[in-house]
Amino acid sequence: MSSNVRKHILLLPFPAYGHVIPLLEFGRKIHRYHDVTLAVSSCIVKDLKQRELISDADFPIVAIPDGFTGFEGFNHQNWVDSQTLALPAIADLLRAIPITQRPSTVSGDDPDDEIPDGERFVWLVNGQSNGMSGHPLCGQSVRGERSLRCLDGRSVANGELCPLQERSTWSLGNDDAPKPLEVCHDRGIPFLYLNTAPASMILGALFVDENYPTIPESDDDILSFIEVPSPEAPLPPMPEAFKTHMLEINRIASMVSGIIVNSVRALEDDMARAIETFPLMKGIPLMFVGPLMPQTEKISAGQLEQQERVEKWLDRREKLSVTYVSFGSIAVPTGEQIAEVAQALLATGKPFIWSLPKAKQHHLPAELTSRISEQFQGEDSRFLILAWAPQKLILQHPATSVFLSHCGWNSSLESLAAGLPVLAWPMFADQKVNAELLVERSTALMVEGTGLKPKRVVPAEEIARLLRRIGGEQTTDTIFRAAAREWKFILDAALAAGGSSEKAFRAVIEFADNT
2 MSSNVRKHIL
12 LLPFPAYGHV
22 IPLLEFGRKI
32 HRYHDVTLAV
42 SSCIVKDLKQ
52 RELISDADFP
62 IVAIPDGFTG
72 FEGFNHQNWV
82 DSQTLALPAI
92 ADLLRAIPIT
102 QRPSTVSGDD
112 PDDEIPDGER
122 FVWLVNGQSN
132 GMSGHPLCGQ
142 SVRGERSLRC
152 LDGRSVANGE
162 LCPLQERSTW
172 SLGNDDAPKP
182 LEVCHDRGIP
192 FLYLNTAPAS
202 MILGALFVDE
212 NYPTIPESDD
222 DILSFIEVPS
232 PEAPLPPMPE
242 AFKTHMLEIN
252 RIASMVSGII
262 VNSVRALEDD
272 MARAIETFPL
282 MKGIPLMFVG
292 PLMPQTEKIS
302 AGQLEQQERV
312 EKWLDRREKL
322 SVTYVSFGSI
332 AVPTGEQIAE
342 VAQALLATGK
352 PFIWSLPKAK
362 QHHLPAELTS
372 RISEQFQGED
382 SRFLILAWAP
392 QKLILQHPAT
402 SVFLSHCGWN
412 SSLESLAAGL
422 PVLAWPMFAD
432 QKVNAELLVE
442 RSTALMVEGT
452 GLKPKRVVPA
462 EEIARLLRRI
472 GGEQTTDTIF
482 RAAAREWKFI
492 LDAALAAGGS
502 SEKAFRAVIE
512 FADNT
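Right, dumping it as structure tokens:
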């Protein structure tokens, strides 16, 4: 598939797990054919290391000291910080990368663009470097060599990372990093754009122009759902912050060498065809390579022990009897709503597993909290409340029946890959769009009125009723499970040799070979 010359590919994810994980997995696939480095906010690198999600067998991971502290307790301020700290730091990195020759597309007179190959490298730790004194992303290594510094402190030597006279460097950024990618365009660095959301987000951005209507801004804008324009309803007004973001994606679309989508063409073929009809997209390949999910979960020793206990617990449950609940790694419902969900789970009479942060578990009724310490004991245990849960194992276990999910895009794809029906509980951003797609594909029901700023407290009785429907207790509603299993078959076929996603991945490698 690949030429004998290994290129160097720089991966640049937005610092949130919904973006990092698929790009990390994509990097592992690419690394079989080309050299790969992933550069991301230092707060993410620290967390990746603590969670043991990366290993020595992986490619170099570089920490960008951008001052961003992450999305713990998602709010307006940490979203602003991601835009004002993390993204500008990525742009600074791209400006500092040495290039083989001054490209014809560069119109400025930046002397750094003319530094000969092999004489300037970037060291992503605090300090300064000769020739780039004061640059916030550069430093002097112990031996006086300018170099990129890897996760474990190893210096990537000259010729090991960027011998640009032998191997060209190109970058792959994802859908929340459009501004830094403009630097690639200005410097003549080829780049691809990885969309870690459904293809509808690309289509929505193509509809947005400077005259697009907006609604008054507030600090709660980022806590709301993104409404995606479409040919049928092209002008739903959106907050100014969302419009700005969509305009940036729109602008980048004309600069990219190609767009990669973490999805399956068959799942979003209508969106794909609509995107390809836009004049702006003429000649730009749209490559559906998904789902990008780890083949095996990388977990710590402590998590391995917990995974084994969970698996044994599931093995003792009846087939298609367990409800799995997870609202993702960023947002959870209010305390009052958590209590209602708990009562609903108890009312179904079915065993369940709930991935719920320890700090939120005090909202659970005493009937549950009093028994958490002994939940793994005894054959008659009816529930597990876990601060961390092995999601892939749970979703793929034959005992699992229903997934109550926030419908982050990664979780949505995981539900389809496992052939599980979903009770959708979207919280913010694109999650409602994702949930609506699952509903359209007949694999889900969606709870109305949810979100970080919910319109109501959904009563336990309603939740329990929906869980019973989606679980197929009423024979007329088994359409959800049947559809989910059909989509599992389609996703498996797409990833298999000769499948649509496998062919699209080969197209990405061929692009790298020929660039």
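Note that the working numbering has the sequence shown beginning at 2, numbered continuously upward. The C-beta atom is built at its ideal place from N, Cα and C for all residues, glycine as well.
Selection from the options that minimises the alpha carbon distance to residue i
{"i": "Thr401", "options": "Gly409, Pro391, Cys408, Trp410", "result": "Pro391"}
{"i": "Ile331", "options": "Ser443, Cys408, Ser201", "result": "Cys408"}
{"i": "Thr451", "options": "Met294, Leu424, Glu441, Ile471", "result": "Leu424"}
{"i": "Phe506", "options": "Leu86, Asn263, Gln376", "result": "Asn263"}
{"i": "Phe353", "options": "Ser501, Arg383, Leu365", "result": "Arg383"}
{"i": "Ile480", "options": "Phe512, Ile464, Val440", "result": "Val440"}
{"i": "Leu385", "options": "Leu365, Val458, Lys244", "result": "Leu365"}
{"i": "Leu12", "options": "Ile190, Leu86, Asn79, Gly71", "result": "Ile190"}
{"i": "Ala261", "options": "Lys8, Ala87, Ser502, Asp514", "result": "A small correction: the amino acid at residue 261 is Ile; Ala does not occupy that position in the sequence shown. The option with the nearest alpha carbon to Ile261 is Ser502."}
{"i": "Ile339", "options": "Leu394, Met447, Trp426", "result": "Trp426"}
{"i": "Ala242", "options": "Ala206, Ile55, Val265", "result": "Ala206"}
{"i": "Gly303", "options": "Val21, Arg33, Gln51, Gly19", "result": "Gln51"}
{"i": "Ala92", "options": "Val81, Val323, Pro14", "result": "Pro14"}
{"i": "Val311", "options": "Trp389, Glu73, Leu346, Pro240", "result": "Trp389"}
{"i": "Asn212", "options": "Lys244, Leu182, Pro181", "result": "Lys244"}
{"i": "Ala345", "options": "Arg442, Leu467, Val265, Met247", "result": "Leu467"}
{"i": "Asn411", "options": "Ser258, His186, Val265, Asp82", "result": "Val265"}
{"i": "Glu309", "options": "Glu341, Met428, Phe377", "result": "Phe377"}
{"i": "Asp270", "options": "Leu49, Arg442, Ala343, Pro237", "result": "Arg442"}
{"i": "Glu487", "options": "Lys454, Pro455, Ser416", "result": "Ser416"}
DSSP state of residue i mapped onto helix, strand, coil
{"i": "Ser264", "result": "coil"}
{"i": "Pro240", "result": "strand"}
{"i": "Asn212", "result": "coil"}
{"i": "Val509", "result": "helix"}
{"i": "Tyr325", "result": "strand"}
{"i": "Val126", "result": "Unreliable placement is indicated for Val126, whose pLDDT of 26 sits below 50; the coordinate value is still reported in the next sentence. Looking at Val126 - three-state DSSP - the assignment turns out to be coil, as it is neither helix nor strand."}
{"i": "Ile285", "result": "coil"}
{"i": "Val458", "result": "coil"}
{"i": "Phe27", "result": "helix"}
{"i": "Ser416", "result": "helix"}
{"i": "Asp514", "result": "helix"}
{"i": "Met428", "result": "coil"}
{"i": "Leu421", "result": "coil"}
{"i": "Phe226", "result": "strand"}
{"i": "Phe192", "result": "strand"}
{"i": "Ala390", "result": "coil"}
{"i": "Val290", "result": "coil"}
Contact under 9 Å by Cβ, residue i with residue j
{"i": "Met202", "j": "Val184", "result": "no"}
{"i": "Thr444", "j": "Ala494", "result": "no"}
{"i": "Met282", "j": "Ala200", "result": "no"}
{"i": "Val37", "j": "Pro16", "result": "no"}
{"i": "Met294", "j": "Ala418", "result": "yes"}
{"i": "Phe279", "j": "Lys433", "result": "no"}
{"i": "Thr70", "j": "Cys44", "result": "yes"}
{"i": "Leu357", "j": "Leu396", "result": "no"}
{"i": "Lys470", "j": "Leu446", "result": "Position check: residue 470 holds Arg in this sequence, whereas Lys was assumed. Their beta carbons are under 9 Å apart, which means Arg470 touches Leu446 by this criterion."}
{"i": "Leu195", "j": "Leu315", "result": "no"}
{"i": "Val46", "j": "Ile62", "result": "yes"}
{"i": "Ile31", "j": "Ala513", "result": "yes"}
{"i": "Ile285", "j": "Ala254", "result": "yes"}
{"i": "Gly336", "j": "Lys361", "result": "yes"}
{"i": "Ile98", "j": "Arg188", "result": "yes"}
{"i": "Met239", "j": "Pro214", "result": "yes"}
{"i": "Leu369", "j": "Gln307", "result": "no"}
{"i": "Leu49", "j": "Pro181", "result": "no"}
Any non-hydrogen atom of the ligand ZN closer than 8 Å to residue i Cβ
{"i": "Pro61", "result": "By its list of ligands, the structure shown contains no ligand whatsoever, and the ligand ZN lies outside what it can speak to."}
Which residues DSSP lists as bridging residue i, in chain order
{"i": "Leu315", "result": "Partner(s): none; Leu315 has no beta bridge."}
{"i": "Asp36", "result": "His9"}
{"i": "Thr401", "result": "Val323"}
{"i": "Ala64", "result": "Val41"}
{"i": "Ile354", "result": "Tyr325, Leu385"}
{"i": "Met256", "result": "Bridge partners of Met256: none, in fact."}
{"i": "Leu446", "result": "Leu424"}
{"i": "Ser517", "result": "Since the displayed the chain opens at 2 and closes at 516, residue 517 lies outside it and no answer follows."}
Rounded distance between the beta-carbons of residue j and residue i, thought under 8 Å
{"i": "Pro517", "j": "Lys351", "result": "The structure shown does not extend to residue 517, since the chain is modelled only from 2 to 516, so the question has no answer here."}
{"i": "Leu1", "j": "Glu277", "result": "What the structure shows of the chain is the stretch from 2 to 516, and residue 1 is not part of that stretch, so it cannot be assessed."}
{"i": "Leu414", "j": "Gly329", "result": "Not really, about 13 Å apart at Cβ, beyond 8 Å."}
{"i": "Leu465", "j": "Thr349", "result": "Per the sequence shown, the amino acid found at residue 465 is Ala instead of Leu. Confirmed, about 5 Å."}
{"i": "His35", "j": "Ile10", "result": "5 Å"}
{"i": "Leu54", "j": "Leu39", "result": "The Cβ separation is near 12 Å, so there is no contact."}
{"i": "Thr197", "j": "Gly28", "result": "About 13 Å; that fails the 8 Å criterion."}
{"i": "Leu405", "j": "Val326", "result": "4 Å"}
{"i": "Val403", "j": "Gly472", "result": "5 Å"}
{"i": "Val459", "j": "Val448", "result": "6 Å"}
{"i": "Ser258", "j": "Leu193", "result": "6 Å"}
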